[in-house]
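Per this note's numbering, the sequence shown starts with residue 3, numbered consecutively. Note that CB positions come from ideal geometry on N, CA and C, so glycine has one too. Predicted, not measured: the structure shown is a model, and the values here were computed from it. Written below as structure tokens is the structure these notes are about.
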Amino acid sequence: MDLINCKECGKLFSSSGQKVCPDCRQSEEEKFQLVKEYLWENPNSTVKKVSAETGVEEELIIKFMREERLASEGLVVDYSLKCKRCGTEIKSGLFCKSCRTKMISDFNQSDDPAEERKSKSEKMFLKDRFKRNK
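Right under this line is the structure:
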């Protein structure tokens with residue numbers, strides 16, 4: 003566990019991978035529940051209206067959508083989320099479906115040749131090392 007400063011409030015805390023302290027995480031969760039309840043009672047509200055009525059910042063509501071914690075089905079999106087890779091409009095998350103599929107296939111394809119090259123180079127290194135010792 004590392005000691006880091008909270009990204010939100012700057013307080014020093016012991017982190018096991020999180021970037022925000024437990025207090026800020028709890029506060030964010032309470033805001034999420036508030037937005038979720040508001041949308042349940044008032045479907046098809048805009049982000050600006052939800053923000054004005056609940057007091058939750060628009061950026062935080064957008065963050066909930068990017069994290070796919072908040073579905074855009076009950077929310078009229080008065081701005082557009084864009085795919086971080088190609089710029090296509092999306093409803094939630096960071097990447098559109100086609101970019102996700104492409105990145106997964108690229109990752110899977112590039113995984114095997116790298117291991118083969120590494121194992122071949124390790125064998126050569128060990129072989130050369132044993133030759134030097136003789």
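Residue from the options whose Cα sits closest to the Cα of residue i
i	options	result
F34	S18, C8, K65 and I106	K65
C101	V49, W42, V58 and R87	R87
E32	G19, M3 and T56	T56
S18	D108, M3 and R27	M3
Y40	V58, C26, L14 and C98	V58
Boundaries of the alpha helix (DSSP H) in which residue i is found, first to last residue
i	result
C36	Going by the sequence as given, residue 36 is Leu instead of Cys. Looking at the DSSP string, the run of the alpha helix (DSSP H) that includes L36 is P24 to E43.
C-alpha distance - residue i paired with residue j, whole-angstrom precision
i	j	result
E60	A54	9 Å
K171	N7	With the chain covering 3 to 136 only, the question about residue 171 has no answer from this structure.
N44	T90	28 Å
L5	C23	11 Å
V52	V37	7 Å
S16	K104	37 Å
E30	N46	22 Å
I63	V49	7 Å
N-terminal and C-terminal residue of the beta strand (DSSP E) that residue i is part of
i	result
F15	L14 to S17
L5	D4 to N7
With three or more C-beta pairs closer than 8 Å as the rule, is the segment 84 to 96 touching the segment 64 to 74? Segment contact: the segment 64 to 74 against the segment 84 to 96, three or more CB-CB distances shorter than 8 Å; contact assigned.
At which residue ranges does the segment 55 to 103 contain complete alpha helix (DSSP H) runs of 4 or more residues, listed in the order of the chain? Entirely contained in the segment 55 to 103, the alpha helix (DSSP H) runs reaching 4 residues are, in chain order, 60 to 68.
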